[in-house]
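Novice: Counting along the sequence shown from 1, when you hit position 630 you're at 630 in the UniProt record's numbering, and nothing is skipped either side. A virtual CB, placed ideally from N, CA and C, is assigned to each residue, including glycine. Quick caveat, the model's predicted, so the values are computed rather than measured. Next up is a structure, given as structure tokens.
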Amino acid sequence: MERGRQRTRITGPPQNATQTAAESSADDSPSLSPTGLDVRFTLDHQPRGRSTSPAQAYLARPSVDSRRSSSVMSIMQIDQIISDDRMNMETYGVSEIRDGFFDALFLKPDPVNPDEVAERSKAALPKEFEKGHPLSAKHFLPRQLHELKSVTRKVATTRAGIKLLKSFLAFFIAYILCLIQPVHDWLGYNDYIMVVSTIINHPGRNFGSQVDGTVGTIIGTAAGLAWGYVGILISTSTSDALKASGWIIVVVSAVFFAGIAFIRSFFIRLYQTVLCAGIALAFTTLAQTNGNAFTWHKSLQYGIPWLLGQAIALAVNCLVFPDAGNRLLAATFHKSFNTMQESLVIPRPRDTGLRRRLAKTFMDMSLAYRDMRIDITITRFRPNDVRELRNSVQGVVRALLSMNTDTELFEDWSDTLEITVADDAGSESEVEDSGRKVARALSGPTREVIDCWRKHFGPSADVSSDLVPVQLRMQNSLAAFDTAEDHLLRSNDRPETYADHGQAVEFLVFARHVRETAGTVVNLMAIVQDMHTSSKRIRVNLPVYPFGKALYRTNAQVRHDRGGVTAGMYRATFAEIAKLIETTRSTEKHHPRENYEAVTEPEDCTVVESIIHGSPASHKDRLGYKLWKLMRRGQGFETKYAIKVVILLSALSLPCCFESTYSWRTPYDAWWAVAMGWIMIHPRIGGNIQDFFTRAFAAILGAAWSGAAHATGGGNPYVLAVFAAIYMTPMIYRFTQSTHPRSGLVGCLSFAVISLTLRDDSSGTSVTLQGVYKGLVFLIGTIAPIIVNWILWPFIARHELRIALSSMILYMSIMYRNVVANYVYFDEGKDPTPETIRRSEMLESRMREGFVRIRQLLVMSRHEIRLRGPFDPIPYSCLAASCERFFEYLISVRQSALFYNPNYIRDNPVAAEKLHSYRRDAVAAILGNLYILAVALRSERKVPRYLPSAAAARKKLLHRTAEVAREMEEDTEGYELERQKTWSDIYSYSYNASLTGCVAQLEELERFTKLIVGEKK
1 MERGRQRTRI TGPPQNATQT AAESSADDSP SLSPTGLDVR FTLDHQPRGR
51 STSPAQAYLA RPSVDSRRSS SVMSIMQIDQ IISDDRMNME TYGVSEIRDG
101 FFDALFLKPD PVNPDEVAER SKAALPKEFE KGHPLSAKHF LPRQLHELKS
151 VTRKVATTRA GIKLLKSFLA FFIAYILCLI QPVHDWLGYN DYIMVVSTII
201 NHPGRNFGSQ VDGTVGTIIG TAAGLAWGYV GILISTSTSD ALKASGWIIV
251 VVSAVFFAGI AFIRSFFIRL YQTVLCAGIA LAFTTLAQTN GNAFTWHKSL
301 QYGIPWLLGQ AIALAVNCLV FPDAGNRLLA ATFHKSFNTM QESLVIPRPR
351 DTGLRRRLAK TFMDMSLAYR DMRIDITITR FRPNDVRELR NSVQGVVRAL
401 LSMNTDTELF EDWSDTLEIT VADDAGSESE VEDSGRKVAR ALSGPTREVI
451 DCWRKHFGPS ADVSSDLVPV QLRMQNSLAA FDTAEDHLLR SNDRPETYAD
501 HGQAVEFLVF ARHVRETAGT VVNLMAIVQD MHTSSKRIRV NLPVYPFGKA
551 LYRTNAQVRH DRGGVTAGMY RATFAEIAKL IETTRSTEKH HPRENYEAVT
601 EPEDCTVVES IIHGSPASHK DRLGYKLWKL MRRGQGFETK YAIKVVILLS
651 ALSLPCCFES TYSWRTPYDA WWAVAMGWIM IHPRIGGNIQ DFFTRAFAAI
701 LGAAWSGAAH ATGGGNPYVL AVFAAIYMTP MIYRFTQSTH PRSGLVGCLS
751 FAVISLTLRD DSSGTSVTLQ GVYKGLVFLI GTIAPIIVNW ILWPFIARHE
801 LRIALSSMIL YMSIMYRNVV ANYVYFDEGK DPTPETIRRS EMLESRMREG
851 FVRIRQLLVM SRHEIRLRGP FDPIPYSCLA ASCERFFEYL ISVRQSALFY
901 NPNYIRDNPV AAEKLHSYRR DAVAAILGNL YILAVALRSE RKVPRYLPSA
951 AAARKKLLHR TAEVAREMEE DTEGYELERQ KTWSDIYSYS YNASLTGCVA
1001 QLEELERFTK LIVGEKK
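Written as structure tokens, this is what we have:
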């Protein structure tokens, strides 16, 4: 019967201080109880011959009755995937058991209906697909109008306005100084470098990032000027060198650009340094080169304005609404608490969008903490305290992601339910009574635990900020919950088996998940309380991030300004996943068991084993291996990027090789084409057709606005200042805060350089014509990198998406293998250690981030033009969603296995021998299918029509497990059958249901992969 659901907002905390976030660095504390449980039931005995880990010290093994019940329910679940009739029709009831070899069943796959899949799976698309297509002309003007209103509201009502004010103020101060004639006479023609300096390292960032950028840009500028001086000395060293001075300059510059291109692609932290070094080198070797004579006066003409620009930017950053460095961290915590609060509305259906926001919150917390450690910050909190806070928040997020919020526990169970049933159907009443009993016992305490959650983050005036009363209420709520739970589990009328009591199991598991979440929140409250009591003084925190790692990281504003955030973070995330997996593979060694002998053996098993595993490796040639690694790395994207940089900038530098070009390349500042080419060519992503036209338009607009300013006032400084204020305000916002920073940077540099250089017109050419020529220089320097990136090793989002999905499937196969080996079928005495759990949690956190990056790649694919036809994102989105669900089931298997271990398989050699081949086939079918699908995606090959049936293998294993359990029940000698009423009985269902869920999702993976790459006939 239907009951009205009561929507309950979870507003309280719970208990547990052992929850650890497995996020990032190795200095994070390991967790002994990753689920946050504090199990209070002790055992009268422990399994014989088996050591217990801390995570399982108070957990009983399931009884035979429990195992049989779990097997029955699991068989019912697997029957929904594959029926006995289908298996018998395909195999005719005949199977072959080959000892030591994988024995697979190949069943006829269900037909794939693309239309049905597309209609059913549109909900899997990211929310960006709900908007109009970005390349649609129909939606262009409405979208621009909407963005304009949104930006105006954001600037007027949020801190974005302060950030824009700081960035614009530094530019405008430098621009006004350049318009003052005495300053212009003192600095000379290149006084506009001061304005460029304030744009490149604008003050719209926190203090630590500004200091880091100031030091980096000055060092880079000095390095570029010094190398340019060396190049000119070489080109003028002899009379023969002087004849080919232009070509020597190109070669010397190419060597330097290749080096800084490697640095730019390897070490993101040095981005601002190498960017300024390239600009300074282009100025030194190409600007105002009369006979290639270098004078120190020329270097001072560039260096002094640059230093003045950095001084202005630093002063504005420190004096105008200074940001000490913890504002972004506080905003990230605020956003994460809001997301967690939103997710605590129970009951509610599964919300895919909310789960994705929780996963992104998990990732954002890592980035915010990393940004704090990488720069100078002035705050009341120590970095270690912030790390613990981050770990606690991530622990809460992890617990929320594992909770099924679609529950009937909070419905009205007070009414009596009258059911008239026949004797043979009496179990129906029993099922209802068991569910009603569990609901009545746990709904009240569970609701009280839920209500203890905080309603507001940064509470309003009518809500106290004192955590002590909340902690006391939570402590009382948890005590009441534990009492009710203990009474329920120890009651005499508890069912002997839960095989037919699915609703009761659901309620118990949900209540336990609420209890787990409460544990993580208690830990979070304790850390917040400690931070509140210890934050008595302001601290200056110097960068504490390891130097080796810091070279590959940078602060949030630099990540934004350099552009290509999605592409760069996607590669970095998958590189970290690969590194973690490689670390796991190098530290974990799995040896074949020696105590379970096969029934029949080959005559010479040693020969067979050597053929399979290969002979031991001889002494490794370390020098040869290092050379191979170096050459292998030389084939990576860093080398390709350096080649593109050398080709592009050498081509743009060719005019300096000919003396006849001096008359026009110097007056029109042709060296800016090289500088813009260096600025705009990105290591990861080159730009799509939309970027091409947007950046080209920005370059032309800056030149046109400069010409209009001079034409209107005849070079009047007041008119130029007004035009600069009107134009640069939106352009600086686009550069510093929008999702298209590089087009904003082009517009800023184009206007700043052209408008200030048009004042010095000594050639007699009209201002309009000079503006056209200089605008053409910026246009060429802007679009040339995009064209080069289209031709040489382009970044294509849909191809990267396919490769990313392939990598993720392969990573999940390795993760599945590790979970099975470390948590399920581990050897006696090899229980999961805290270090194993910590590594697993670290890998899981990176995998969550990987799914976020995949969805971002999917959104990027909308901006690309595909000549063969429109790109269909639905199969890719569905495949990514299925991968994520498989991943969630795998996490559930790992967590459940900590409390429910099939140790009767390990502890009893007879049972282990009987189940060995079935277990092997069940694991091998999943691993083999995942590997086949991953390779098919990466190589764009069609998937074989017939794949090993993981569902059939799983079903055979479950049937055989039930038979073995019955045999063990009949033979009680040597094996205890005492029923242990602990949570291990309950977690057995979650464990088996999760493994069955992996099988179901594997079939979905196969279906969507076939939609993408096709199926072999």
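(1) For the region 992-1006 against the region 925-936, do three or more pairs of beta-carbon atoms, one drawn from each stretch, fall closer than 8 Å, so that the two count as touching?
(2) What did DSSP end up calling Arg205 once you bin it into helix, strand or coil?
(3) Below 8 Å between beta carbons: does that hold for Pro875 and Ile1012?
(4) Phe256 to Ser237, Cα distance in whole Å?
(5) Residues bridged to Arg398 by DSSP?
(6) Sort His297, Lys1017, Leu389 by Cα distance to Leu329 and report the nearest one.
(7) Which first and last residues belong to the beta strand (DSSP E) in which Asn541 is found?
(8) Which whole-angstrom value is the C-beta distance of Ile378 and Ile538, which I expect to be below 8 Å?
(9) Measure the C-alpha to C-alpha separation of Ala280 and Val859 and round it to an integer number of angstroms.
(10) Give me the Cα-Cα distance between Ala567 and His959, rounded to the nearest whole angstrom.
(11) Rounded to whole angstroms, what is the Cα-Cα separation between Arg205 and Lys774?
(12) Near Phe795, which residues of its chain fall below 8 Å by C-beta distance, leaving aside the five closest residues on each side in sequence?
(13) What are the boundary residues of the alpha helix (DSSP H) that Asn837 is part of?
(14) Compute the Euclidean distance between the alpha carbons of Arg398 and Arg839, then round it to the nearest angstrom.
(15) What does the alpha-carbon distance come out to for the pair Asp38 and Ser477?
(16) May I have the straight-line CA-CA distance separating Met676 from Leu627, to the nearest angstrom?
(17) May I have a chain-ordered list of the alpha helix (DSSP H) segments no shorter than 4 residues that lie completely inside the region 868-935?
(18) Less than 8 Å between the beta carbons of Ser755 and Leu810, yes or no?
(19) Is the Cβ-Cβ distance between Met372 and Asn317 less than 8 Å?
(20) Taking the alpha carbon of Gly309 as the point to measure from, which residue in Asp191, Leu233, Ala331, Arg350 has its own alpha carbon closest?
(21) Would you check if the region 769-784 and the region 848-865 touch, i.e. whether three or more CB-CB distances between them fall below 8 Å?
(22) Indicate whether at least one CB of chain C lies closer than 8 Å to the CB of Thr284.
(23) What residues match up with Glu1015 in a beta bridge as DSSP calls it?
(24) Tell me the rounded alpha-carbon separation between Ala951 and Tyr889.
(25) Does His513 pass the burial test, meaning 16 or more other C-beta atoms within 10 Å, or should it be called exposed?
(26) Using a 10 Å radius around the Cβ and a threshold of 16 neighbouring Cβ atoms, would you call Gly1014 buried or exposed?
(27) Can you tell me where the alpha helix (DSSP H) with Thr768 in it begins and where it stops?
(28) Enumerate in chain order the residues of its own chain whose CB-to-CB distance from Ile304 is below 8 Å, with the five nearest sequence positions on each side excluded.
(29) Rounded to whole angstroms, what is the Cα-Cα separation between Gly231 and Trp247?
(30) Using the beta-carbon count (16 or more within 10 Å), is Ser994 buried or exposed?
(31) Any idea which residues DSSP pairs Pro948 with across the strands?
(32) If you follow the alpha helix (DSSP H) that Thr332 is part of, which residue opens it and which one closes it?
(33) Less than 6 Å between C-beta atoms, sequence neighbours within five positions excluded: which residues of the same chain meet that for Gln557?
(34) Over the uninterrupted beta strand (DSSP E) stretch that includes Thr379, give me the two end residues.
(35) If you check the beta carbons only, do Arg938 and Val819 fall under 8 Å apart?
(36) Exposed or buried, His202, counting other C-beta atoms within 10 Å across all chains shown (16 or more means buried)?
Specialist: In short:
(1) yes
(2) Numbered from its first residue, the sequence shown carries residue 205 at position 205. Three-state DSSP puts Arg205 in coil, outside helix and strand.
(3) Translated into the one-based positions of the sequence shown, residue 875 becomes position 875. Translated into the one-based positions of the sequence shown, residue 1012 becomes position 1012. Yes. Within cutoff.
(4) Start at 1 with the first residue of the sequence shown, and residue 256 comes out as number 256. Start at 1 with the first residue of the sequence shown, and residue 237 comes out as number 237. Their Cα atoms are separated by approximately 19 Å.
(5) As a position in the sequence shown, residue 398 is number 398, starting the count at 1. Arg398 is not bridged to any residue.
(6) The sequence position of residue 329 within the sequence shown is 329, counting from 1. Taking only the C-alpha atoms, the option nearest Leu329 is Leu389.
(7) By 1-based counting over the sequence shown, the position of residue 541 is 541. That run of the beta strand (DSSP E) goes 539-541.
(8) Translated into the one-based positions of the sequence shown, residue 378 becomes position 378. Translated into the one-based positions of the sequence shown, residue 538 becomes position 538. That belief holds up - the Cβ atoms of Ile378 and Ile538 are roughly 6 Å apart, short of 8 Å.
(9) For the purposes of this step, residue 280 is taken as residue 280 along the sequence shown, with counting starting at 1. For the purposes of this step, residue 859 is taken as residue 859 along the sequence shown, with counting starting at 1. Going by the C-alpha atoms only, they are around 37 Å apart.
(10) In the sequence shown, residue 567 corresponds to position 567, counting from 1. In the sequence shown, residue 959 corresponds to position 959, counting from 1. Each residue's Cα considered, the two are about 47 Å apart.
(11) Counting from one through the sequence shown, the residue named residue 205 turns up at place 205. Counting from one through the sequence shown, the residue named residue 774 turns up at place 774. In a straight line, the C-alpha of Arg205 is about 31 Å away from that of Lys774.
(12) As a working note, residue 795 is residue 795 in the sequence shown. Excluding sequence neighbours, Phe795 sits near Ala567, Arg684, Ile685, Gly686, Asn789.
(13) The count along the sequence shown starts at 1 and reaches residue 837 at position 837. Residue identity differs from the one stated: residue 837 is Ile in this sequence, not Asn. Here the alpha helix (DSSP H) through Ile837 covers 834-860.
(14) The residue you call residue 398 lines up with position 398 of the sequence shown. The residue you call residue 839 lines up with position 839 of the sequence shown. Taking the straight line from one Cα to the other gives about 15 Å.
(15) Residue numbering aside, residue 38 sits at position 38 when the sequence shown is read from its first letter. Residue numbering aside, residue 477 sits at position 477 when the sequence shown is read from its first letter. A caution first: Asp38 carries a pLDDT of 35, below 50, which makes its placement in the model unreliable, though a value can still be read off. If I take the Cα positions, the gap works out to 15 Å.
(16) Along the sequence shown, read from residue 1 onward, the residue named residue 676 stands at position 676. Along the sequence shown, read from residue 1 onward, the residue named residue 627 stands at position 627. When rounded, the distance between both Cα atoms is 36 Å.
(17) 874-897, 903-907
(18) Numbered from its first residue, the sequence shown carries residue 755 at position 755. Numbered from its first residue, the sequence shown carries residue 810 at position 810. Not in contact: Ser755 and Leu810 (Cβ atoms no closer than 8 Å).
(19) Your numbering for residue 372 matches position 372 in the sequence shown. Your numbering for residue 317 matches position 317 in the sequence shown. Contact flag unset, no.
(20) On the sequence shown, residue 309 is found 309 positions in, with the first residue counted as 1. Ranking the options by Cα distance to Gly309, first place goes to Asp191.
(21) no
(22) Here chain C cannot be found, since the structure has a single protein chain.
(23) For the purposes of this step, residue 1015 is identified with residue 1015 of the sequence shown, where counting begins at 1. Answer is Val943.
(24) Walking along the sequence shown from the start, residue 951 turns up at place 951. Walking along the sequence shown from the start, residue 889 turns up at place 889. Cα to Cα, Ala951 sits roughly 15 Å from Tyr889.
(25) One-based indexing of the sequence shown puts residue 513 at position 513. Classification for His513: buried.
(26) Here residue 1014 refers to the residue found at position 1014 of the sequence shown. So Gly1014 counts as exposed.
(27) Numbered from its first residue, the sequence shown carries residue 768 at position 768. That run of the alpha helix (DSSP H) goes 767-791.
(28) What you label residue 304 is simply residue 304 of the sequence shown in a count that begins at 1. Contacts found: Leu187.
(29) As a working mapping, residue 231 is identified with position 231 in the sequence shown. As a working mapping, residue 247 is identified with position 247 in the sequence shown. Cα-Cα distance, rounded: 11 Å.
(30) Taking the first residue of the sequence shown as position 1, residue 994 is located at position 994. It counts as buried.
(31) Residue numbering aside, residue 948 sits at position 948 when the sequence shown is read from its first letter. Phe106, per the DSSP bridge assignment.
(32) Translated into the one-based positions of the sequence shown, residue 332 becomes position 332. Residues 327-343.
(33) As a position in the sequence shown, residue 557 is number 557, starting the count at 1. The residues are Arg205, Ser209.
(34) For the purposes of this step, residue 379 is identified with residue 379 of the sequence shown, where counting begins at 1. Run containing Thr379: 377-379, per the beta strand (DSSP E) assignment.
(35) Looking up residue 938 in the sequence shown gives position 938. Looking up residue 819 in the sequence shown gives position 819. No, Cβ-Cβ distance for Arg938 and Val819 is not below 8 Å.
(36) Counting from one through the sequence shown, the residue named residue 202 turns up at place 202. Its Cβ being crowded by 16 or more others within 10 Å, His202 is buried.
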